[in-house]
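Numbering-wise (my numbering), the sequence shown opens with residue 199 and increments by one.
Cβ coordinates follow ideal geometry from the N, Cα and C atoms, glycine included.
Fair warning: this is a prediction, and the values are worked out from it, not measured in the lab.
Read the structure below first, then the notes.
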Amino acid sequence: SAARSAVFNAVLAARVTDGSWEHLEAGDLANLDGRGSFFPVDGADDTLGGRCQRLEIHPTGPLWGAGPPATLARVLELELRLAAALAQESALCAAAGMAQERRSLRLAVRELTCEPEAQAVVLRFRLVRAGFATAVLRELIEAPPPAQTPPEAH
Numbered sequence: 199s200a201a202r203s204a205v206f207n208a209v210l211a212a213r214v215t216d217g218s219w220e221h222l223e224a225g226d227l228a229n230l231d232g233r234g235s236f237f238p239v240d241g242a243d244d245t246l247g248g249r250c251q252r253l254e255i256h257p258t259g260p261l262w263g264a265g266p267p268a269t270l271a272r273v274l275e276l277e278l279r280l281a282a283a284l285a286q287e288s289a290l291c292a293a294a295g296m297a298q299e300r301r302s303l304r305l306a307v308r309e310l311t312c313e314p315e316a317q318a319v320v321l322r323f324r325l326v327r328a329g330f331a332t333a334v335l336r337e338l339i340e341a342p343p344p345a346q347t348p349p350e351a352h
């Protein structure tokens with residue numbers, strides 16, 4: 199739902215801003231790449247850090263629903279604060295009977311190839327289930343807006 203996406207996107211934006219979106223920290227719920235399973239992160243260690251760098255596991259964000267998320271420490275505080283800032287959206291999710299769920303904060307793009315053609319570029323890649331190709335394309339192709347030319351220059 200749009201309400202769930204609003205809360206998730208706010209958490210993701212905050213974690214991108216503070217640099218914590220691509221590594222695990224104490225209190226996170228980690229997601230096994232390509233799977234629906236999650237496990238709590240008690241503390242960052244070299245083993246988990248290495249697995250996270252290799253994109254085998256990922257930090258997650260909330261798909262808001264009834265009750266508090268299962269995260270802890272700073273991660274829980276951040277999620278609760280942002281859900282409170284989006285109180286209407288959070289309440290809508292809970293009132294609709296949605297359960298708290300999780301989604302990875304990042305998406306591993308596998309087997310990416312780029313083949314230039316005369317009038318196009320052909321991209322091929324593999325994503326995990328529930329990965330959106332449109333999101334990958336948006337990140338790959340994001341271009342700056344065209345320069346504005348003053349009207350008198352035409």
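*Which of the three DSSP states, helix, strand or coil, is assigned to V320?*
It is a strand residue.
*alpha helix (DSSP H) runs contained entirely in the segment 241 to 297, provided each spans 4 or more residues*: 244 to 251, 271 to 283, 285 to 293
*What do you get for D243, buried or exposed, if any count of 16 or more other CB atoms within 10 angstroms of its CB means buried?*
Burial check for D243: the Cβ neighbour count within 10 Å stays below 16, so the residue is exposed.
*Out of curiosity, what's the CA-to-CA distance linking R272 and V320?*
42 Å
*Within its chain, find whatever has a CB closer than 7 Å to the CB of R304; leave out the 5 residues flanking it on each side and keep chain order.*
By the criterion of a C-beta distance shorter than 7 Å, R304 is surrounded in its chain by W219, E220, H256, once the five residues flanking it on both sides are discounted.
_Which residue marks the beginning of the beta strand (DSSP E) containing E223, and which one marks its end?_
Neither: E223 is in no beta strand (DSSP E) and is coded neither H nor E.
*Since I believe A331 is in contact with L338 (beta carbons under 8 Å), could you give me their beta-carbon distance rounded to a whole number of angstroms?*
Between A331 and L338 the Cβ distance is about 10 Å, and since that is not below 8 Å, they are no contact.
*asked:* On the DSSP letters alone, give me the boundaries of the beta strand (DSSP E) that S302 sits inside.
replied: 299 to 302
*Specify, as a first and last residue, the run of the alpha helix (DSSP H) that L210 falls within.*
According to the DSSP assignment, L210 belongs to the alpha helix (DSSP H) that extends over 200 to 216.
*Just how far apart, CA to CA, sit V214 and E313?*
Distance between the alpha carbons of V214 and E313 is about 30 Å.
*Rounded C-alpha distance that separates L278 from L310*: 36 Å
_Rounded separation between R308 and Q251 - CA only_ = Between R308 and Q251, the C-alpha separation is close to 14 Å.
*Going by DSSP, what residues sit across from E313 in a beta bridge?*
Its beta-bridge partners are V320.
*Find out if the Cβ-Cβ distance for the pair G263, A292 is shorter than 8 Å.*
yes
_Where the alpha helix (DSSP H) containing L325 begins and where it ends_ = Here L325 belongs to no alpha helix (DSSP H), and DSSP marks it neither H nor E.
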